[in-house]
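The structure under discussion appears below in the form of structure tokens.
Residue numbers (UniProt numbering): 1 to 50.
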């Protein structure tokens, strides 16, 4: 039996608006798909949540 473990990916963001879209795309395009992806925003003021 070949079991692939579940993993958690946690990305913290603070005023990372110029970078967050590409970072998220990079994680979602990984070949390993058995994961949960958690993004933690630390009260960004630069539009990161948009």
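We put the CB at the ideal spot given by N, CA and C, even for glycine.
Limits of the unbroken alpha helix (DSSP H) element including residue i
i	result
residue 26	17-28
Reduced DSSP secondary structure (H/G/I, E/B, other) of residue i
i	result
residue 34	coil
Neighbourhood of residue i by C-beta distance below 7 Å, restricted to the same chain and skipping five residues each side
i	result
residue 48	13, 15, 16, 17, 20 and 41
residue 4	34
residue 10	38 and 40
Residue span of the beta strand (DSSP E) that contains residue i, given as start and end
i	result
residue 8	7-13
Close Cβ partners of residue i (< 6 Å) along its chain, the five nearest in sequence each way excluded
i	result
residue 46	15 and 17
residue 7	35
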